[in-house]
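Protein chains: 2
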Amino acid sequence: MNLLGTVSPSSSTNLAVFNSVLHIGSNPPLIGVLFRPLTVRRDTYNNIKQTGHFTINQVNTTIYREAHLTAAKFEEGVSEFDKSGLTVEYAKSFKAPFVSESSIRLGCTYHGEYLIKENSTILLLAAVELISVHEELLQGDGWINLGKSNATVANGLDAYGEALLLDRLKYARPNEPVQSLDNGA
Amino acid sequence: MNLLGTVSPSSSTNLAVFNSVLHIGSNPPLIGVLFRPLTVRRDTYNNIKQTGHFTINQVNTTIYREAHLTAAKFEEGVSEFDKSGLTVEYAKSFKAPFVSESSIRLGCTYHGEYLIKENSTILLLAAVELISVHEELLQGDGWINLGKSNATVANGLDAYGEALLLDRLKYARPNEPVQSLDNGA
């Protein structure tokens, strides 16, 4: 699960929990977010369209209740940062707010979007401009051990799971047995 | 993680592990799969386009090594079912093969696709025609407890995590504390 942080043109911060974040590509680094139809107020989407920037902050097991609360329908202009108790943090030269309590974070810039005509959802594409990862999660080969990050995963609309590391495997080749890779843990 | 099962027009079965399966909508029930660019042979994509059908089979902790092996570059016409040891199962009136060892499975029919022009990936959309879930995973209110299914999650390209249930929460409302929902576990 992830929290998307944005700021409105009038400088109101917004934070919203999202399940539908999708890796689109690594070169160039692109990430996608699926938005529900624009039939009601969509602060996150509107802020991204107006300012061009947003942050993606991993929800860990310490903050999943705070993350869930951001889904409540607060009045316009109320910041989910204030209501949830999560802490705003800014990275220099990046305009959207990060969540201080999150250990894996991306700073993203709007790139384009595709209207999914079948149900009026919107696949928004963004360039990954900035990556912030707590050092202890990063292995020597660049792999991030999510098992050490207390990562949460969605289980439907209202349940949260915890992801533990099961195994890291060597590159699969025909007619070779599958072997574990030393994950450095 | 999920395994996509397909069959070619000449009746060769194919099985491939995918991370990029995305919930698109529930009414109508639509699911998306992001495919990498068609610069090399993409059996799964080609089979779906030619036959119209595929299955999505949850990878559990018992079969993650077999699932990983399906990513090896086997020769054309070799079935990953045979090579991995996973068992083909058919549901009556549905043409694509299911994985017998998987406890959460969808039967899907091609609906359309969007070319992501930024990097030539393809978001394929499919209608969910059939849902097969082991009965012990299903709660009375229709929620599926993924924690009981030994679900795996991706951690990068080569690592697999295990998802345990952390909590199920009540609908979030402004100015009400977040509370756990009885998850029936």
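Those protein sequences? They're chains A and B, same order as listed. Residue 1 is where the first sequence starts when you use my numbering, and the numbers rise one by one after that. Residue 1001 is where the second sequence starts when you use my numbering, and the numbers rise one by one after that. The beta carbon of each residue, even a glycine, is placed where N, CA and C say it ideally should be.
Residue i, DSSP secondary structure in three states
| i | result |
| --- | --- |
| TYR1110 of chain B | strand |
| ARG1042 of chain B | coil |
| ASN155 of chain A | strand |
| ILE104 of chain A | strand |
| ILE1063 of chain B | coil |
| ASN180 of chain A | For the sequence presented, residue 180 of chain A should be read as Ser rather than Asn. Looking at SER180 of chain A - three-state DSSP - the assignment turns out to be strand. |
Neighbour-count burial assignment, residue i, 16 or more Cβ in a 10 Å radius
| i | result |
| --- | --- |
| HIS134 of chain A | exposed |
| ASP182 of chain A | exposed |
| ASN1027 of chain B | exposed |
| TYR1064 of chain B | buried |
| LEU1157 of chain B | exposed |
| GLY1085 of chain B | exposed |
| GLU66 of chain A | buried |
| ASN1047 of chain B | buried |
| THR1044 of chain B | buried |
| VAL1178 of chain B | buried |
| ARG1105 of chain B | buried |
| VAL40 of chain A | exposed |
| ASN57 of chain A | buried |
| ILE1024 of chain B | buried |
| GLY140 of chain A | exposed |
| GLY1142 of chain B | exposed |
| PRO1174 of chain B | exposed |
Start and end residues, alpha helix (DSSP H) containing residue i
| i | result |
| --- | --- |
| SER84 of chain A | 80-84 |
Own chain residues within Cβ distance below 7 Å of residue i, not counting five before or after
| i | result |
| --- | --- |
| LEU1189 of chain B | With chain B running from 1001 to 1185 in the structure shown, residue 1189 of chain B is simply not present. |
| THR62 of chain A | GLU101 and ASN150 |
| SER1120 of chain B | PRO1037 |
| SER1020 of chain B | VAL1033 and LEU1034 |
| GLU1075 of chain B | none |
| LYS83 of chain A | LEU69 and PHE74 |
| PHE18 of chain A | ASN2, LEU4 and VAL33 |
| LYS95 of chain A | VAL7, THR51 and HIS53 |
| THR109 of chain A | GLY52, HIS53, ALA126, ALA127 and GLU129 |
Residue range of the beta strand (DSSP E) that includes residue i
| i | result |
| --- | --- |
| ILE122 of chain A | 121-133 |
| VAL33 of chain A | 29-35 |
Bridge partners - residue i, DSSP secondary structure assignment
| i | result |
| --- | --- |
| ASN1002 of chain B | B:PHE1018 and B:GLN1058 |
| ALA163 of chain A | B:ALA1163 |
| ALA1071 of chain B | Bridge partners of ALA1071 of chain B: none, in fact. |
| THR1013 of chain B | B:VAL1007 |
| SER220 of chain A | Shown here, chain A extends from 1 to 185; a query on residue 220 of chain A therefore has no answer. |
| VAL88 of chain A | A:VAL99 |
| ILE48 of chain A | ILE48 of chain A is not bridged to any residue. |
| ARG168 of chain A | B:ALA1159 |
| LEU138 of chain A | A:ILE144 |
Cβ shell of residue i (< 6 Å), same chain only, five flanking positions each side left out
| i | result |
| --- | --- |
| GLY161 of chain A | VAL153 and ASN155 |
| GLY1077 of chain B | SER1012 |
| PHE81 of chain A | THR13, LEU15 and VAL88 |
| LEU22 of chain A | GLY32 |
| GLN1050 of chain B | PRO1009 |
| HIS111 of chain A | LEU125, ALA126 and ALA127 |
Cβ neighbours of residue i in the same chain (closer than 8 Å, five flanking residues each side left out)
| i | result |
| --- | --- |
| SER1180 of chain B | ASP1167, ARG1168, LEU1169 and LYS1170 |
| ASN1060 of chain B | GLU1101, SER1102, SER1103, SER1149, ASN1150, ALA1151 and THR1152 |
| ILE1144 of chain B | ILE1104, VAL1133, LEU1137 and LEU1138 |
Chain E contact for residue i (CB, 8 Å cutoff)
| i | result |
| --- | --- |
| PHE74 of chain A | The structure shown contains no chain E; its protein chains are A and B. |
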